[in-house]
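Numbering (this note's numbering), first residue to last: 12 to 175.
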């Protein structure tokens, strides 16, 4: 069930307008747990907001709940979970194929989103648009990861590998 009116009400509150403006600089914000996702959704809808967000939460279970919440508050956004490996670094086990696939899928989705958010004239070269560049034709991109998933190493260029 979409809850799109809540972030709009947050953004329209004059008391929170200053908070939303200061959030684009180096600001630390804290709020009650239930207000985190609606506040972040309001920030992503703001006029000069970066259009991509990496939300890092404590656990994988919490990440699943935050993904569902973002999908309810921002139905126009691409929201992806970035799961952690279920193996420990010292174990001689590989992560499951499903986990590896979900991680690669999220990275590929981010790459595709960034490529389509850039103007066609600036797709090449070192100054090929910024990751936070706003595109009016598409919604924001949200990647949700647990602390453990965010700290696990990635090889460069994994997002460029085409699926088999």
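C-beta: ideal position from N, C-alpha, C; glycine also.
Residues of its chain near residue i, where Cβ-Cβ distance is below 8 Å and the 5 sequence neighbours each way are ignored
i	result
residue 71	94, 95, 157, 159, 160
residue 97	106, 107, 110
residue 14	49, 83, 84
residue 170	115, 118, 119, 121, 122
Option nearest residue i by Cα separation, candidates the options
i	options	result
residue 57	46, 21, 124, 81	21
residue 81	128, 31, 49, 124	49
residue 52	65, 18, 69, 29	18
residue 67	92, 174, 43	92
residue 69	173, 162, 175	162
Contact check, residue i vs residue j, beta carbons under 8 Å
i	j	result
residue 150	residue 85	yes
residue 40	residue 154	no
The beta strand (DSSP E) enclosing residue i, as first and last residue numbers
i	result
residue 68	63-68
Cα-Cα separation between residue i and residue j, rounded to whole angstroms
i	j	result
residue 103	residue 83	39 Å
residue 142	residue 166	Note that residue 142 scores 45 on pLDDT, short of 50, meaning its location in the model is unreliable and no value can be drawn from it.
residue 63	residue 101	33 Å
residue 87	residue 99	36 Å
residue 33	residue 75	28 Å
Span of the alpha helix (DSSP H), counted from its first residue to its last, around residue i
i	result
residue 33	25-33
Sequence-distant residues of the same chain with beta carbon closer than 6 Å to residue i, five excluded per side
i	result
residue 113	94
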